[in-house]
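Working notes for the structure below.
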Amino acid sequence: MMTDDLKKKIRDVVGAENALDADLDRFGYSYDASFVPLFPANKPELVVRPATTEEVSRIMAIAGEHGIPVTPRGAASGRTGGSIPLKGGISMSLERMTKILELDVNNMMVWTEAGVRTIDLYNACAAKGLFYPPDPASWKFSTIGGNVAENAGGMRAVKYGVTSNYVMGLEVVLADGTVLLTGGKAIKNVTGYNLTSLFTGSEGTLGIITKALLRLIPMPKKRGTLQLMFRTLDDGCTTVHQILQAGLLPAAAEIMDRFCLEAVAKHRKTDLDPAIGCCIIVEIDGEDDAALDTQARRMEEVAKRCGVYQFRVAQSQQESDELWAIRRGLSSAIASLVPNRLGEDISVPRDAFPEVVRRIGAIAEKHKLTIAVYGHAGDGNIHPSILCDLSKPGEEERVHRAVEDLFDATLAVGGTLSGEHGIGITKRPYIAKALGESGVKALAAVKQALDPKGILNPGKIW
Amino acid sequence: MRKEAKDKHLQAARKIVSQCDRCGTCLPVCPLFDANSVESSGARGKNVIARALTEGGIEPTPEALAKVNFCLLCRACVDTCPSKIATDEAMIHIRQYLVDRTGAVNTRYRAMGGILKSRGMVKLAAGSLALLRKLGLHSVFPHGMVPEEYTRAHFLAAFAGPAALAGKAPPSDAAVTAATRVAYFEGCGMRMMFPEAAAETLTLLKAQTKPLVKDNVCCGLPHLAHGLRDEFLALARKNIELYEDAEVVVSDCASCGGTLKHIASYFADDVQWKDRAATFSRKVMDLTEYLAKAGYRPRQKVDATFTYHDPCHLSRGQGIRKQPRDLLRAAGNFVEMKDADVCCGGAGSFHMDYPDIASKILDKKRANIEKTGAAIVVTGCPGCLIQLAKAAKAGGGRFKAMHISQVI
Numbered sequence: 000m001m002t003d004d005l006k007k008k009i010r011d012v013v014g015a016e017n018a019l020d021a022d023l024d025r026f027g028y029s030y031d032a033s034f035v036p037l038f039p040a041n042k043p044e045l046v047v048r049p050a051t052t053e054e055v056s057r058i059m060a061i062a063g064e065h066g067i068p069v070t071p072r073g074a075a076s077g078r079t080g081g082s083i084p085l086k087g088g089i090s091m092s093l094e095r096m097t098k099i100l101e102l103d104v105n106n107m108m109v110w111t112e113a114g115v116r117t118i119d120l121y122n123a124c125a126a127k128g129l130f131y132p133p134d135p136a137s138w139k140f141s142t143i144g145g146n147v148a149e150n151a152g153g154m155r156a157v158k159y160g161v162t163s164n165y166v167m168g169l170e171v172v173l174a175d176g177t178v179l180l181t182g183g184k185a186i187k188n189v190t191g192y193n194l195t196s197l198f199t200g201s202e203g204t205l206g207i208i209t210k211a212l213l214r215l216i217p218m219p220k221k222r223g224t225l226q227l228m229f230r231t232l233d234d235g236c237t238t239v240h241q242i243l244q245a246g247l248l249p250a251a252a253e254i255m256d257r258f259c260l261e262a263v264a265k266h267r268k269t270d271l272d273p274a275i276g277c278c279i280i281v282e283i284d285g286e287d288d289a290a291l292d293t294q295a296r297r298m299e300e301v302a303k304r305c306g307v308y309q310f311r312v313a314q315s316q317q318e319s320d321e322l323w324a325i326r327r328g329l330s331s332a333i334a335s336l337v338p339n340r341l342g343e344d345i346s347v348p349r350d351a352f353p354e355v356v357r358r359i360g361a362i363a364e365k366h367k368l369t370i371a372v373y374g375h376a377g378d379g380n381i382h383p384s385i386l387c388d389l390s391k392p393g394e395e396e397r398v399h400r401a402v403e404d405l406f407d408a409t410l411a412v413g414g415t416l417s418g419e420h421g422i423g424i425t426k427r428p429y430i431a432k433a434l435g436e437s438g439v440k441a442l443a444a445v446k447q448a449l450d451p452k453g454i455l456n457p458g459k460i461w
Numbered sequence: 000m001r002k003e004a005k006d007k008h009l010q011a012a013r014k015i016v017s018q019c020d021r022c023g024t025c026l027p028v029c030p031l032f033d034a035n036s037v038e039s040s041g042a043r044g045k046n047v048i049a050r051a052l053t054e055g056g057i058e059p060t061p062e063a064l065a066k067v068n069f070c071l072l073c074r075a076c077v078d079t080c081p082s083k084i085a086t087d088e089a090m091i092h093i094r095q096y097l098v099d100r101t102g103a104v105n106t107r108y109r110a111m112g113g114i115l116k117s118r119g120m121v122k123l124a125a126g127s128l129a130l131l132r133k134l135g136l137h138s139v140f141p142h143g144m145v146p147e148e149y150t151r152a153h154f155l156a157a158f159a160g161p162a163a164l165a166g167k168a169p170p171s172d173a174a175v176t177a178a179t180r181v182a183y184f185e186g187c188g189m190r191m192m193f194p195e196a197a198a199e200t201l202t203l204l205k206a207q208t209k210p211l212v213k214d215n216v217c218c219g220l221p222h223l224a225h226g227l228r229d230e231f232l233a234l235a236r237k238n239i240e241l242y243e244d245a246e247v248v249v250s251d252c253a254s255c256g257g258t259l260k261h262i263a264s265y266f267a268d269d270v271q272w273k274d275r276a277a278t279f280s281r282k283v284m285d286l287t288e289y290l291a292k293a294g295y296r297p298r299q300k301v302d303a304t305f306t307y308h309d310p311c312h313l314s315r316g317q318g319i320r321k322q323p324r325d326l327l328r329a330a331g332n333f334v335e336m337k338d339a340d341v342c343c344g345g346a347g348s349f350h351m352d353y354p355d356i357a358s359k360i361l362d363k364k365r366a367n368i369e370k371t372g373a374a375i376v377v378t379g380c381p382g383c384l385i386q387l388a389k390a391a392k393a394g395g396g397r398f399k400a401m402h403i404s405q406v407i
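Here the protein sequences line up with chains A and B, keeping their order.
According to numbering that gives the first Met the number 0, the stretch in the first sequence is residues 0 to 461, in order.
According to numbering that gives the first Met the number 0, the stretch in the second sequence is residues 0 to 407, in order.
This is the structure:
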């Protein structure tokens, strides 16, 4: 319980207008984009909106001294409850830290504050011919701080990797208010433990990430989009696998099953060819049009061998944008069709992708549930979405058994619980299964060392 | 679930907001979230509050009403939402529910609604505003209640000198059949705030046809938007009756036009009025929509540069973006501004209720207008025009704000 005196101390740091405690304001910081129920609401006692690292540090010193839980928050666009203040206390919302501090063209790196939106960073770099590749579906509204804390992935991971592949250094405020700098601009750096990697993906449980130093690469000169339609999901999976086996590397290869396509068709009020059971959208990039043509032709050859139903190259930027807009809006379009949607985020080795998709189909049949499948076919990260109505008697139980089966199947083929959404609250019950007892113990030991009072984002991961 | 869950407005809102999966796509496009970045100011925050009200998580209090009142109803979120959640409609339902439930209509809305309900009062107010302008007292009124009006005469004096000869617009080849009975809908905002622009609309119509001029009542949007739905419905019925003999009803106000086009949906369950309302809604056209259909060509081509501000209720509300731009291109030089369709912060009475945040939003609009170097920013809504006139004043005369009827 935060006393008025404590709240006043914090108001003195950030100003009264940036320390909100009206009931409805606190309610606004009690949820994220996960399926964690809205009620009972996990309201913070105080919403704090610092503008500088110094303010974050002073707030953490107060919180550390008094043992107040602190949950960092970016845009609350996470899918696993990472920014939900489960134990009340402070919601530390970093949305006012929106400065891109230094775009170092010579070293191809950028220092940015946590509250910068991913798309704004991308555009600022693109203006200098530089490319920041990680592009989670939420990139237009999610922030870099959240991307780093959750180690966000995205569509381009198959060729360019995920957020952690680009984080060179961090500024982190620790549980007692200490400001820590990790990493740096040196490309080779083995001085001490790799703390940068430790904090990346730590889901706000080890420190508050206030700034990030990110590596950039030259912007690909040309991009193209391909749309491949298949009769069956299996044909689609096989094709992606064969394309990769042929030594071709798409910048993105996104798969959608029949259900997803129906959701899109419904949304756009168009009809879907009944013969189509799967769609793959591929992004290719390269030096010039000739390079794109070659890639497209070779992919077409492979696809034809695998029985592609339709193969089409987007003819304009607009057509390309539309295809990607469909993919980015898919999650929400599916969600709007049913009362409840449990979106998972399993990730498997690339060669196990067709197999795990087959197993998902079998699980859906076994539990008499609809499971829509879409995801990043190129990198093995899939988002099976269980579509259900939890108000129906017995449905919740069946859904839970299906989720258990889903994780078992994933682990059995050498995969893991989460590719890019994090564990947060929603996958917490399953973590021991994935990491084993010793794995969880090691996480706890790290946590204990950095946050002995357990005030940072309590109740998450394990 | 709330006890009054059967309340039809609560149910209607629930149907809309329960589809929101809280992804956050709306955050960057919501002008209010952009201005203060507090969750409850954004579309997502308000939809979740609405959901909490429908599911019983939060109580129907005056504080909740204040939160849902803090919305421009600009539909920027609806446009970008992957699930097309109609936040504006949800807000209107929730406001109505909260007003019914708590009896807490803001007295200002009640008073304003009262004035707008009566045609006599609107005329009286229009007269007083004209008098205030004549006496030079308009600047003492806050929030642009009495905006400065830059008239067509001013415009022609400034821009239609010798330069106008540079490119004379070809004669109009409008094909209006004599049989089309066109009527003008004169909204309260146009009548009270911009009578000269309203007169120009009539001049434009007269060049095409013999317009029917009616003593219409308010379109009812101010009532609908603030929990005075019965008043809205009563006004709507009056207007439906009034225009029964017209085949086309032309509005030069984006908000009136948008509201009138949607009247049908509010009478969908009313056996007696359903068909009449649907017939009425189908007849409504925005001025530019009508002129484009009639093949109208501007009366002159001047050597002035225009930029255009899309009223929310015209662009997203009615899908009209091309017609006004085409007309402006034919009437002078046209240059597009950045974020032309982002709300100006006017939003009916929003700019009076929340002057600080409205002026923050307007400052961005002004910067975008100034960047174009245009001499005149044109729009098609008196609500926007009040804001843009303020921006013009704050800009120190770098540009003027005018209604489209005045420049074409």
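Just so it is clear, CB atoms sit at the ideal spot from N, CA and C, and this is done for glycine as well.
CB contact below 7 Å: residue i versus chain B
i: A/Ala264; result: no
i: A/Tyr373; result: no
i: A/Ala401; result: no
i: A/Gly145; result: no
i: A/Ser331; result: yes
Sequence-distant residues of its chain with Cβ nearer than 8 Å to residue i (five each side left out)
i: B/Asp78; result: Val28 and Arg315
i: B/Ser82; result: Gln18, Cys19 and Asp20
Status (buried if at least 16 other CB within 10 Å, exposed otherwise) for residue i
i: A/Thr195; result: buried
i: B/Lys116; result: buried
i: A/Met107; result: buried
i: B/Ala388; result: buried
i: A/Met0; result: exposed
i: A/Val341; result: According to the sequence provided, residue 341 of chain A is Leu. The question's Val does not apply to it. With 16 or more other Cβ atoms within 10 Å, it is buried.
i: B/Pro310; result: buried
i: B/Val334; result: exposed
i: B/Gly126; result: exposed
Listed by chain order, chain A residues near residue i by CB distance under 7 Å
i: B/Glu288; result: The contacting residues do not exist; B/Glu288 stays about 23 Å from chain A at best.
i: B/Leu411; result: Examination of residue 411 of chain B is not possible in this model, given that chain B is present from 0 through 407 alone.
i: B/Lys66; result: Leu23
Neighbourhood of residue i by C-beta distance below 6 Å, restricted to the same chain and skipping five residues each side
i: A/Ala264; result: Leu271
i: A/Asp284; result: Pro219, Arg222 and Ala250
i: B/Cys187; result: Leu115, Val121 and Cys217
is_contact[residue i, chain A] using C-beta, thresh 7 Å
i: B/Arg100; result: no
i: B/Arg21; result: yes
i: B/Gln10; result: no
i: B/Gly347; result: no
i: B/Ser82; result: yes
i: B/Ser358; result: no
i: B/Met0; result: Below a pLDDT of 50, predicted positions are generally treated as unreliable, and B/Met0, at 49, falls in that range; the measurement from the model is reported next regardless. No, B/Met0 does not count as interfacial toward chain A.
Integer-rounded CB distance, given that residue j should sit under 8 Å from residue i
i: A/Gly418; j: A/Asn380; result: 3 Å
i: A/Arg349; j: A/Leu243; result: 6 Å
i: A/Ala113; j: A/Ile208; result: 6 Å
i: B/Glu199; j: B/Arg151; result: 5 Å
i: A/Pro49; j: A/Arg95; result: 7 Å
i: B/His308; j: B/Gly257; result: Not a contact, Cβ separation roughly 16 Å.
i: A/Gly73; j: A/Ser163; result: So it is not a contact: roughly 17 Å between Cβ atoms.
Contacts around residue i, its chain only, beta-carbon distance under 7 Å, and the 5 residues preceding and following it disregarded
i: B/Met111; result: Pro221 and Ser348
i: B/Ala124; result: Ile114 and Met191
i: A/Ala15; result: none
Per-residue contacts from residue i into chain B (C-beta, under 8 Å)
i: A/Phe258; result: Neighbours of A/Phe258 on chain B: none; closest Cβ ~16 Å, over 8 Å.
i: A/Asp378; result: Residues of chain B passing the Cβ test: none, with the nearest at roughly 22 Å.
Proximal chain A residues relative to residue i, where beta-carbon distance stays under 8 Å
i: B/Ala63; result: Leu23
Contact set between residue i and chain B, taken where Cβ atoms lie within less than 7 Å
i: A/Tyr30; result: Arg21 and Val47
Contact test: residue i Cβ vs the ligand ZN heavy atom, cutoff 6 Å
i: A/Leu213; result: Although the ligand ZN was asked about, the structure shown includes no ligands whatsoever.
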